[in-house]
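A.B. asks: Below you'll find the structure I mean.
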């Protein structure tokens with residue numbers, strides 16, 4: 715593949731997995747058929763992604779679902795911070811999202827300490843189940859792509875999958891906080 719065809723493949727792959735996860739989350743009523751987002755939340759992925767990917771890549775062999783799913787929790791945290799007090803949190807360090815055990819319990823820290831859900835609550839359990847479903851769906855799609863393991867293309871597809879999970883997590887949190895997508899008709903001049 716040439717660099718142009720690699721880029722096109724990755725762009726199409728990202729669109730495909732985002733559409734699949736959007737359908738999945740909509741079918742379970744976590745989303746309403748569209749992704750909610752803000753430019754601020756989207757931009758934080760760029761600032762946090764390198765540190766996240768470095769942590770997640772180390773988990774791929776033993777805990778592939780965790781490696782992908784935690785990006786969704788990170789998206790939830792950033793969206794929650796955006797709604798709560800963006801001025802205070804807009805430059806928060808990646809490691810502030812860690813739990814007591816670092817990357818390993820980031821999910822619990824985000825749900826309990828940032829989003830504010832008791833871990834034994836039904837809502838926290840439902841979110842955990844949705845993140846798990848999304849992660850396994852992504853892993854299945856990636857496996858069916860027949861990408862050579864540990865290749866540069868494997869890295870880039872993983873990075874795109876993590877980015878999509880981040881968006882999904884952010885969108886789930888924005889919906890949970892009461893945001894919704896509304897079509898706005900622009901007046902004609």
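Numbering (our numbering), first residue to last: 715 to 903.
Note that CB positions come from ideal geometry on N, CA and C, so glycine has one too.
#1: DSSP on residue 786, reduced to helix/strand/coil?
#2: Starting from residue 829, follow the alpha helix (DSSP H) in both directions and report where the run begins and ends.
#3: Rounded to the nearest angstrom, what separates residue 868 and residue 772 at their Cα positions?
#4: Go ahead and label residue 764 buried or exposed: buried means 16 or more other beta carbons lie within 10 angstroms of its beta carbon, across all protein chains shown.
#5: Suppose you measure from the CA of residue 879 to the CA of residue 848; what does that come to, to the nearest Å?
#6: Exposed or buried, residue 885, counting other C-beta atoms within 10 Å across all chains shown (16 or more means buried)?
#7: Can you check which of these residues, 881, 728, 861 and 855, is closest to residue 753 by C-alpha distance?
#8: Within this structure, are the beta carbons of residue 873 and residue 852 separated by less than 8 angstroms?
#9: At 3 residues or longer, what runs of the beta strand (DSSP E) sit wholly inside the stretch 748-815?
#10: From the DSSP output, in three-state form, read off residue 865 for me.
C.D. replies: Considering the structure as presented:
#1: Counting from one through the chain shown, the residue named residue 786 turns up at place 72. Here residue 786 sits in helix by DSSP.
#2: On the chain shown, residue 829 is found 115 positions in, with the first residue counted as 1. Looking at the DSSP string, residue 829 is not in any alpha helix (DSSP H), and its letter there is neither H nor E.
#3: Taking the chain shown and counting its residues from 1, the one referred to as residue 868 is at position 154. Taking the chain shown and counting its residues from 1, the one referred to as residue 772 is at position 58. Spanning the two alpha carbons is a distance of roughly 14 angstroms.
#4: Within the chain shown, residue 764 is the residue found at index 50, counting from 1. Looking at its Cβ environment, which holds fewer than 16 other Cβ atoms inside 10 Å, residue 764 is exposed.
#5: Within the chain shown, residue 879 is the residue found at index 165, counting from 1. Within the chain shown, residue 848 is the residue found at index 134, counting from 1. When rounded, the distance between both Cα atoms is 8 angstroms.
#6: Walking along the chain shown from the start, residue 885 turns up at place 171. Under a 10 Å Cβ-count criterion, residue 885 is classified as buried, with 16 or more other Cβ atoms of the shown protein chains found around its own Cβ.
#7: In the chain shown, the residue the question calls residue 753 occupies position 39. Checking every option, the nearest Cα to that of residue 753 belongs to 881.
#8: Here the question's residue 873 lines up with position 159 in the chain shown. Here the question's residue 852 lines up with position 138 in the chain shown. Their beta carbons are not under 8 angstroms apart, which means residue 873 does not touch residue 852 by this criterion.
#9: none
#10: If you number the chain shown from 1, residue 865 lands on position 151. DSSP places residue 865 in coil when its eight states are reduced to three.
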